[in-house]
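> Heads up, the sequence shown is in our numbering, so the first residue is 5 and it goes up one at a time.
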Amino acid sequence: MSRTTDTERGAHIALETAVCALVQPDLFDAGLPPSFWHAIEMAAHDQLDEVMAYKAAFR
5 MSRTTDTERG AHIALETAVC ALVQPDLFDA GLPPSFWHAI EMAAHDQLDE
55 VMAYKAAFR
């Protein structure tokens with residue numbers, strides 16, 4: 005098993021933050037629309053998919 009990269013770690017943090025902001029908007033009242041958090045969530049998923057593809061390619 006390969007080590008977690010900084011990119012992967014950052015994507016996990018971004019995903020967790022975006023999901024929390026969407027599920028509990030009163031905790032993250034930064035004046036940002038839900039579409040912003042959806043975009044962050046989708047970008048994090050894309051990044052995690054890319055990391056998994058790289059890991060699978062180098063096994």
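Using N, Cα and C, we set each Cβ at its ideal position, and we do this for glycine too.
Suppose you measure from the CA of Val55 to the CA of Glu12; what does that come to, to the nearest Å?
7 Å
> Rounded to whole angstroms, what is the Cα-Cα separation between Glu20 and Thr8?
16 Å
> Starting from the C-beta of Ala15, find all residues in its chain whose C-beta is less than 6 Å away, skip the five residues before and the five after it, and write them out in chain order.
Ala48, Gln51 and Leu52
> What's the C-alpha gap between Ala22 and His42?
7 Å
> In this structure, how does DSSP classify Leu31 when only helix, strand and coil are distinguished?
coil
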